[in-house]
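Residue numbering for the sequence shown follows our numbering, starting at 620 and increasing by one per position.
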Amino acid sequence: MMNYDVLVVGAGPVGSTFARYMALNGFKVGVLEKKKEIGVPLQCAGLLGKQIKNVNPLPDELIINQVYGAYLHSPSDNELKVSKNEPQAYVLDRVGYDKFLAQLAVDAGADLFLNHRVKDVDIKNGHVYMNKDKREMSAKIIIGADGYNSLISEKVSNKSYKTPKQVQAAQFLVNFKQDLFDTDYVHLHVRAALSPGFLWTIPLSESTARIGLFGNSDYHYLNNILKDFLNHNTIFGEYSILKKYYGMIPVYNSKKKLVNNRCLLLGDAASQVKPTTGGGLIMGFKCAKIAADITSKALDNDNIGNLTDYESEYQNKFRKELSMQRRLQNLFKTLSDSDLDYMFDKLKEKGAEKIISEYGDMDSQSPLVKELIKNGLLFTILPKILSRRILSLWK
Ligand SMILES: Cc1cc2nc3c(=O)[nH]c(=O)nc-3n(C[C@H](O)[C@H](O)[C@H](O)COP(=O)(O)OP(=O)(O)OC[C@H]3O[C@@H](n4cnc5c(N)ncnc54)[C@H](O)[C@@H]3O)c2cc1C
């Protein structure tokens, strides 16, 4: 039987990043991936905030496009334009990025096993069982980085939070007959029917875009909204759908248990996803670093009891922002289309585009919310009852 210090289940971006850190720290690392090709099929819009550059390597060849701002659209298409002079986000070749991160892990010394679907784990004794020739491997520590539909999460988490709750997401790669897009901007559309999800248009070129959405509905419904959006948008004209993608976005859960015996959870498997945007990469990478530091220490000290520090460090670092985002999201859920239209109208009238441009950040919304409260702007535009709820976010 093959023995490792650490076995990582899932060679997604987060699992590969963790594996790289551990291999660089000198440990014997194995990565088990059920797919035969990393990253395929694509299940991502590939939009990452600028801070990715401080969090994980990102080669220029994998950046399709740099984004300076966004047009935010209300249900009746009232528009807010927010932008900065520097790039705020990057549109990635996400399949290429998953492959790149897996290769970095291999270059650092990790063993990557493709086509190895994990069927079961024994988190007490550190055994992993695969379908491949009924193979078994063992490790001192097992990492569940196996995505939204995590098998390992079933073993680790407390009863009511075994697999992360999730919402559905759909995306089309669309080619338009004529040039339509300013590639410096993405478009985000809010609608009560999708809330707290939203619809996005992320240009890859002047005539090609990833158009997708997430929301608390089934694929059929999301598909219809996307088709409706394409067919009823007067600027689009003729188009062809080159590809359709479907995926799931886990719902962040502050009570989810992430460590049990010799096993810990990372990335989507741990519901480490921003509630407001559904983005999981940057946060997953940050958690991979925390997890690698703590796992290395536990192995050095030969004390797996130390693994629980991962949970507390993760909570200390992210709980406040994530809980605020979740409450903001819940608040948005209560707004009707006409509330949203009214809100956009008033924000524009009161000059909020400037404030949003200055304080808006894809990855952290609390600075913007605080600024809007400070300026009294939210209180002039939202019905009194909602203002009170927002205020309670800071109590
Ligand atoms: C439509 C859509 C758009 C998105 N857009 C963005 C975005 O723009 N920006 C952003 O930051 N995030 C986005 N996300 C979220 C992002 O894709 C995830 O947060 C990210 O992929 C999580 O990485 P991960 O490594 O934790 O999991 P995954 O990427 O899901 O990787 C898990 C890996 O584990 C493997 N695996 C699963 N089970 C087993 C098993 N039993 N045995 C072996 N291997 C297994 C899988 O094959 C997979 O390779 C989007 C998600 C969706 C669905």
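All residues carry an ideal CB built from backbone N, CA and C; glycine is no exception.
- Between the region 896-912 and the region 692-705, the count of Cβ pairs shorter than 8 Å is below three; the stretches do not touch.
- C-alpha of V878 to C-alpha of I771: approximately 11 Å in a straight line.
- When only Cα atoms are considered, L918 and K905 end up about 20 Å apart.
- In this chain, the beta strand (DSSP E) harbouring Y623 covers M621 to V628.
- Around T895, the same chain offers Q944, L947, Q948 and Q984 as residues with beta carbons nearer than 7 Å, after the five sequence neighbours per side are excluded.
- Every unbroken stretch of the alpha helix (DSSP H) spanning 4 or more residues and falling wholly within the region 753-827 is given here in chain order: 770-775.
- S942 sits in a helix when the DSSP states are folded into three classes.
- Residue nearest to L861 within the set G886, G831, N794 and V809 is N794 (criterion: CA-CA distance).
- By the beta-carbon neighbour count (other beta carbons within 10 angstroms, threshold 16), N872 is buried.
- Within the DSSP secondary-structure output, A721 pairs in no beta bridge.
- According to DSSP, residue pairing for V747 in a beta bridge involves V740 and M756.
- Distance from the CA of K876 to the CA of E652, rounded to the nearest whole angstrom, comes to 23 Å.
- Selection A630, S635, G649 and P632 evaluated against D624 yields G649 as nearest (Cα-Cα).
- Per DSSP, the continuous beta strand (DSSP E) segment holding E698 begins and ends at E698 to S702.
- Across the structure, A630 and Y961 are spaced so that their CA atoms are roughly 45 Å apart.
- Residue side-chain check: Q785 keeps its Cβ at 7 Å or more from all non-hydrogen atoms of ligand 1.
- Nearest to E857 by alpha-carbon distance, out of K952, Q785, L991 and L799, is L799.
- Secondary structure at V686: strand, using DSSP grouped into helix, strand and coil.
- In this structure, A910 places its C-beta atom within 8 Å of the C-beta atom of F637.
- Taking all protein chains in view, the Cβ of V659 is surrounded by fewer than 16 other Cβ atoms within 10 Å, so the residue is classified as exposed.
- Where S957 is concerned, the enclosing alpha helix (DSSP H) starts and stops at D956 to E968.
- Residue K863 holds the alpha-carbon nearest to the alpha-carbon of R829 among S814, T953, K965 and K863.
- In this model, K647 and F833 are separated by some 39 Å (Cα to Cα).
- Cβ-Cβ distances below 7 Å link A664 to Q790, W819, I821, R829 and G831 in the same chain, with the five nearest sequence neighbours on each side left out; the list follows chain order.
- Per the Cβ contact rule, the region 880-892 is in contact with the region 728-744 (3 or more Cβ pairs under 8 Å).
- In the three-state reduction of the DSSP assignment, V710 falls in the strand class.
- Counting along the chain, the unbroken alpha helix (DSSP H) around L900 starts and ends at L900 to D919.
- In terms of Cβ geometry, V737 and G979 do not form a close pair [threshold 8 Å].
- Within the chosen limit of 7 Å, ligand 1 does not reach the beta carbon of Q685 with any heavy atom.
- Relative to ligand 1, R938 has its C-beta separated by 7 Å or more from all heavy atoms.
- Judged by their CB atoms, I760 and T927 are not nearer to each other than the 8 Å cut-off.
- Rounded to whole angstroms, F719 and G728 show a C-alpha spacing of 14 Å.
- Looking at the DSSP output, H839 shares a beta bridge with no other residue.
- Per DSSP, the beta-bridge partners of V650 are V627 and L731.
- With a cut-off of 8 Å on Cβ pairs, the region 684-693 is not in contact with the region 837-855, counting fewer than three such pairs.
- The beta carbon of D717 is closer than 6 Å to those of P632, I657 and G658 in its chain, skipping five residues each way along the sequence.
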